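A short worksheet on the structure shown next.
Protein chains: 2
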Amino acid sequence: MQALGFEHHDHHRCKREALAAAEEHCARHRLNFTPVRRRVLELLLEGHRAMGAYEILDTLREEGLGAQPPVAYRALDFLVTNGFAHKIERLNAFVACMHPGEDHTPAFLICRACDAVAEAHADPARGFLGQAVRETGFVVEQAVVEAVGLCPGCAEART
Amino acid sequence: MQALGFEHHDHHRCKREALAAAEEHCARHRLNFTPVRRRVLELLLEGHRAMGAYEILDTLREEGLGAQPPVAYRALDFLVTNGFAHKIERLNAFVACMHPGEDHTPAFLICRACDAVAEAHADPARGFLGQAVRETGFVVEQAVVEAVGLCPGCAEART
DNA sequence: CTTGATATGTTACAGGATAACGTTTATCAA
DNA sequence: TTGATAAACGTTATCCTGTAACATATCAAG
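In order, the protein sequences belong to chains A and B.
For the record, in the first sequence the residue sitting at position 72 is 68 according to my numbering, with numbers rising by one throughout.
For the record, in the second sequence the residue sitting at position 76 is 72 according to my numbering, with numbers rising by one throughout.
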């Protein structure tokens, strides 16, 4: 299992929708959704799992879209900056965003057995950092929440 | 400002206490608190900030305690595994734990202006991952919570 | 004393990321 | 149309992070 959500779903449809959302967002904000950027997002959506920059670069290279690391990193930066993809710090890898457009603090559930990654919502409003933190006066601008464990499938398989 | 907590505190005392706690824990669990491991923990406590493995290695090398990367990484692994230090994924760096002994899910507050790192508690019980996540059936074994923003001091300085 | 487990030392390299510089392409005002 | 400017791309070279693999040393238990 390598799915981005643990439940089954219409893969083609979510790819189409995510691409459409990115396209529209770029048009609306005068952002340049170039072939490389588009292709990298497609790869993330097709792979439907956390992918390393160099893995993506390999494909770009095969397709003649770029041969050096900066090409991949720049495209990934663009996607992350604009909310079309996220970086999983824990894995030094990237995933397509499952909720483009929505303003959200993603929380990732990483299965240590099958490497599947699911994107959920962390709820900053509910105070996932606890009351104590708010009292320190720290101004949170961005948060990374990543949980490692077992996905439903793998948890069951080990019973 | 490079402190590990944003508030002032007795630096020497917290170093002494953390070392004592590590020593006791190792004795209790028959763990080998070797010179290298001890020294790395000291360095983290003295530095009192997030430090890269290679930065630590530089000091070990100067002191004749080890010259190659695996030496530092192995010591750091030991410290992290046993809860004496944490890895900040976001920075690819390590910090001494501020609450050794207590069973906790650390949440780090990283100031993007001065690089100070504070360790707070995330509250898994309160559900920092939200109800929706629990419903997926994912079994969380370990969680990384890292917030980037401005510490009280830097936030004020920019007003 | 020997066996086994644990820790260390070293080489060599894999994998992740970016600085710096030059070239192309798109945009837009004069 | 042209010239100026910014944005994106291409490439080189290098840095930082991390680990596999293997040799050596240390130490406690049988």
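Beta carbons are placed, not taken as given, at the ideal position from N, Cα and C, and that holds for glycine.
Predicted model only: the values in this text are computed from it and were never measured.
Inter-segment contact for the region 104 to 117 of chain A and the region 142 to 150 of chain A is present: three or more beta-carbon pairs are separated by less than 8 Å. Contact note: residue 113 of chain B does not reach chain A at a C-beta cutoff of 7 Å; the least C-beta distance is about 11 Å. Against chain B, the CB of residue 65 of chain A has no partner CB under 8 Å away; the residue lies outside that interface. Across the structure, residue 26 of chain A and residue 18 of chain A are spaced so that their CA atoms are roughly 12 Å apart.
Contact check for residue 35 of chain A and residue 61 of chain A: beta-carbon distance about 6 Å, within the 8 Å limit, so the pair qualifies. In the structure shown, residue 117 of chain A adopts extended strand secondary structure according to DSSP, grouped into three states. Note that the region 89 to 105 of chain A touches the region 44 to 55 of chain A; at least 3 beta-carbon pairs, one per stretch, sit closer than 8 Å. Contact with chain B is found for residue 146 of chain A, since one of that chain's Cβ atoms lies less than 8 Å from the residue's Cβ.
Taking 3 residues as the shortest admissible run, the region 7 to 74 of chain A contains no complete beta strand (DSSP E) segment at all.
Residue contact with chain A for residue 116 of chain B: present (Cβ-Cβ distance below 8 Å to some residue of chain A).
Residue burial annotation: residue 82 of chain A is buried, with at least 16 other C-beta atoms found within 10 angstroms of its C-beta.
If the five residues before and after residue 131 of chain B are omitted, its C-beta is found closer than 6 Å to no C-beta atom of its own chain. DSSP, reduced to helix, strand and coil, places residue 98 of chain B outside both helices and strands of the structure shown, so it counts as coil.
Exclusion of the five residues before and after residue 7 of chain B leaves 44 as the residues of its chain whose Cβ lies within less than 7 Å of its Cβ.
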